[in-house]
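Colleague: Residue numbers (the working numbering): 306 to 469. Yeah, the Cβ is synthetic: ideal placement off N, Cα and C, and Gly gets one too. Structure incoming, see below.
Encoded structure:
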């Protein structure tokens, strides 16, 4: 706390919405993850860990995605959500709609354990696990309280570049 008795930038006063800085921390155990969240393809399972329902969060969603070997999600975006991804295991690939010399094309990012990926709002993309035998596991955090998955017909279909 700052000397004035008010909370500083690292300890914001939360009295504006009636919440207390000591309201409590929620612990979601590995066995309590929720698989009834939005999905985007066969062979991929998303599990909610931090959500409004599980933790009471209002502006954040966090969970785990398990990607089976030789699996690809459908093309999709996450609306206004910013998405951060941490690769726990495997070598997942992230493909998004980009441009080369003024022409739309798919851009591929190959990742490995310990890597981070940022997906801006409305960017059409898909996740892939090209490995024939190894599952990929990632942890996902989004800037919206619940997961938003808007499935698209393709990454490069005219009119879907913005995902809107």
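Looking at residue 434 and residue 375, is the spacing between their C-beta atoms short of 9 Å?
Modeller: By 1-based counting over the chain shown, the position of residue 375 is 70. By 1-based counting over the chain shown, the position of residue 434 is 129. Cβ distance < 9 Å, so residue 375 and residue 434 count as in contact.
Colleague: Could you work out which residue in 354, 421, 443, 414 is closest to residue 395 when comparing CA atoms only?
Modeller: The residue given as residue 395 occupies position 90 in the chain shown. Of the candidates 354, 421, 443, 414, the one whose C-alpha sits nearest the C-alpha of residue 395 is 443.
Colleague: Less than 8 Å between C-beta atoms, sequence neighbours within five positions excluded: which residues of the same chain meet that for residue 436?
Modeller: Within the chain shown, residue 436 is the residue found at index 131, counting from 1. Cβ neighbours of residue 436 beyond the five flanking positions: 374, 375, 395, 396.
Colleague: What residue range is occupied by the uninterrupted beta strand (DSSP E) comprising residue 432?
Modeller: Taking the first residue of the chain shown as position 1, residue 432 is located at position 127. From DSSP, the beta strand (DSSP E) with residue 432 extends over 430-434.
Colleague: Write down every uninterrupted run of the alpha helix (DSSP H) in the segment 345-412 whose length is 4 residues or greater and which is fully enclosed by it, in chain order.
Modeller: DSSP runs (the alpha helix (DSSP H)) wholly in the segment 345-412: 357-360.
Colleague: Would you kindly report the start and end of the unbroken beta strand (DSSP E) that includes residue 423?
Modeller: Taking the first residue of the chain shown as 1, we reach residue 423 at position 118. First-last of the beta strand (DSSP E) with residue 423: 421-424.
Colleague: Take residue 393 as the anchor and find which of 403, 369, 385, 377 has the nearest alpha-carbon.
Modeller: Translated into the one-based positions of the chain shown, residue 393 becomes position 88. Of the candidates 403, 369, 385, 377, the one whose C-alpha sits nearest the C-alpha of residue 393 is 369.
Colleague: Using C-beta distances below 8 Å, list every residue in its chain close to residue 362, excluding the 5 sequence neighbours before and after it, in chain order.
Modeller: As a position in the chain shown, residue 362 is number 57, starting the count at 1. Taken in chain order, the residues that qualify are 355, 356, 450.
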